[in-house]
Amino acid sequence: AFDPQSENYGHGNNKTAGNKSILHPDLKTIPRVPQVQLIGNGTVYNHEGIAEATLKHPSHTTFHKTHVSPEDEARGVTRFYRWHIDAALYDLSPPRATTLYGLVVPSGPQQVCRYDDGTGDELPVPLGTTAFVSGKTMFNILPAELKSIAVRSKVKYAPHPYVWMAPAHAMSTGLGIESEGLELPLDELPPWEKAKCKTLPVVSVL
């Protein structure tokens, strides 16, 4: 299923931007297949060439500007952490596919994931949930005028965007970054080249 010559996954590998990336605490690279990343919560031993790794499931409380109340959190309320595609968005093009394989699924009481956009929408979810959405469905439900904007729009990404945004805070929906001016200045990023910066269409057809 994997290219044996590959040494990267969608974000490159754990050497790409050192430990400054916002993704660094959440991912551990499998040594013999560096395009595979280990994520989870807790300590694992002797797994696929990794002698020991302490994993921590990310929480919106470490990334969002605002948080659910302590009372709600005690009742199991959480938020979508970060909506994203598994792509470096610098130098490497987005992959055509990504996979997620659960070795051990955590047991325990369900959480309530709140889409904190003011609508009150909530979704009961098991622990360790990863949500997927369909870009095709999202595009299809847009009104015609927004479809027109979407197909003509492009996004210009900062160099090493996951390092650039690391000091910033996310919106309560997990969609986008709050405008607080906290992003790293470009001269404080790892070495980068303008030619490797990505400008990608909002809508792409694979």
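The numbering of the sequence shown is the working numbering, which starts it at 31 and goes up by one. Glycine included, every Cβ here is placed at the ideal spot set by N, Cα and C.
Helix, strand or coil at residue 208 [DSSP, three-state]: As a working note, residue 208 is residue 178 in the sequence shown. DSSP places residue 208 in coil when its eight states are reduced to three.
Nearest candidate by alpha-carbon position, reference residue 179, set 188, 216, 187 and 169: One-based indexing of the sequence shown puts residue 179 at position 149. The option with the nearest alpha carbon to residue 179 is 169.
Is it the case that the region 98-112 contacts the region 138-153, given that we only count it when at least three CB pairs across the two stretches are under 8 angstroms? yes
Name the residue from 202, 134, 100 and 84 whose alpha carbon lies nearest to the alpha carbon of residue 158. Locating residue 158 in the sequence shown gives position 128, counting from the first residue. Of 202, 134, 100 and 84, the residue nearest in Cα terms is 134.
Which residues bound the alpha helix (DSSP H) around residue 193? What you label residue 193 is simply residue 163 of the sequence shown in a count that begins at 1. First-last of the alpha helix (DSSP H) with residue 193: 191-194.
Distance between residue 123 and residue 181 (C-alpha atoms, nearest Å): On the sequence shown, position 151 is the one that residue 181 refers to. On the sequence shown, position 93 is the one that residue 123 refers to. Cα to Cα, residue 181 sits roughly 19 angstroms from residue 123.
Extent of the continuous alpha helix (DSSP H) to which residue 165 belongs: For the purposes of this step, residue 165 is taken as the residue at position 135 of the sequence shown. 165-170 is the extent of the alpha helix (DSSP H) around residue 165.
Can you tell which of 184, 186 and 115 has its C-alpha closest to the C-alpha of residue 40? The count along the sequence shown starts at 1 and reaches residue 40 at position 10. Selected option, being the one with the closest Cα: 115.
DSSP three-state assignment for residue 46, whether helix, strand or coil: Along the sequence shown, read from residue 1 onward, the residue named residue 46 stands at position 16. Residue confidence is low: residue 46 scores 48 on pLDDT, short of 50, so the model does not pin down where it sits. No coordinate-derived value is stated.
Same chain only: Cβ atoms within 7 angstroms of residue 177, ignoring 5 sequence neighbours per side: As a first step, residue 177 is located in the sequence shown; it is residue number 147 there, counting from the start. Correct list, in chain order: 169.
Three-way DSSP call (helix, strand, coil) for residue 52 in this model: Along the sequence shown, one-based indexing puts residue 52 at 22. Note: residue 52 maps to coil in three-state DSSP.
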